[in-house]
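Enquirer:
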Amino acid sequence: MLSMYKEQIDLTKVPKHVAIIMDGNGRWAKEKGLDRVFGHKEGAAAFSDVTEAAAEIGVKYLTAYAFSTENWNRPQAEVEALMSLLVSTIEKETDKLLRNDIRLCCIGDLSRLPKPVNEKLQGCIERTAHCQRMTIVLALSYSAKWEILQAVKSIASEVKNGNLNVEDICDDVFASHLNTNGIPDPDLLIRTSGESRISNFLLWQIAYSELYFTTVNWPDFRKEEFFKAICDYQKRERRFGKTSEQIK
Ligand code: FPP
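With the sequence shown counted from 1, adding 904 to any position gets you the working numbering.
Okay, here's the thing in structure tokens:
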């Protein structure tokens, strides 16, 4: 399909890291009189589309909020459906990731995932570990407050063991204790479905990310919507606290 937005993208200014809060699967399904699980299935298809789009324009990291710590409180049937969707998606997509030189990694408290889900994930992570074109970061059983707390605990025990001086705790040291260690901060954060909030996602890492909110529900957020978001991002001036003149 000819893309109106894709041809407007300046390929020298593509965000290196795009993070996405994939919201609105349930509402998308409800509007169509379908069960919420159909929304999640279409959501997985949308993620596959957006992965392709991101790789096409040279995004290096694509992070997706696939399951939050708070999502464990959803009805058990929905949690189970999401877990089995995760397994079937990995089974379906791993070869495609390998063909396209895309690596998978995960952030979050994976120890809470059912064992078969965790094993599938680890298999895909290991098989794609050598891939270089782009990295997909799936946030699973993830919340930013959880991540920050475990970083605090890990730093505190290094101090206690005498391996770290309190005076040496700086931005970089703190970031190195987060799950996202080694991954650059997102340049752009996208949230779908008309909600304008962060919902406990990447609180430390998005300090200077550009935020893009759209009313489109996630299952309808396909390549063209992604390219549209990139075009919007490219119109912005990122000042990082400096004046407009300083960055020119
Ligand atoms: C939010 O929509 C979406 C989720 C909680 C799950 C996201 C999961 C997927 C997109 C499918 C699996 C993805 C991969 C990568 C395998 P919602 O259920 O909160 O929707 P609502 O706000 O309309 O109820």
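The beta-carbon is built from N, C-alpha and C at its ideal position, and this holds for glycine as well.
From this set, Y1046, N975, V963, which residue's C-alpha is nearest I1006's C-alpha?
Expert: V963
Enquirer: Please classify F1144: is it buried, with 16 or more other beta-carbons within 10 angstroms of its beta-carbon, or exposed?
Expert: exposed
Enquirer: By how many angstroms is the C-alpha of R1003 removed from the C-alpha of K934?
Expert: 35 Å
Enquirer: Decide yes or no for the touch test of the region 964-971 against the region 921-928: beta carbon pairs closer than 8 Å, at least 3 of them.
Expert: yes
Enquirer: Suppose you measure from the CA of R1140 to the CA of I1110; what does that come to, to the nearest Å?
Expert: 16 Å
Enquirer: Compute the distance between the beta-carbons of E1051 and I1011, then report whether it is under 9 Å.
Expert: yes
Enquirer: With three or more C-beta pairs closer than 8 Å as the rule, is the region 939-952 touching the region 983-1002?
Expert: With the cut-off at 8 Å, the region 983-1002 and the region 939-952 touch.
Enquirer: Do A957 and F1131 have their CB atoms nearer than 9 Å?
Expert: yes
Enquirer: Return yes when the C-beta of M926 is under 8 Å from any heavy atom of the ligand FPP, and no when it is not.
Expert: Yes, the beta carbon of M926 sits closer than 8 Å to at least one heavy atom of the ligand FPP.
Enquirer: CB D1013 to CB T973, shorter than 9 Å?
Expert: yes
Enquirer: Run through the DSSP bridge pairs and tell me what M1038 is partnered with.
Expert: M1038 pairs with I1006.
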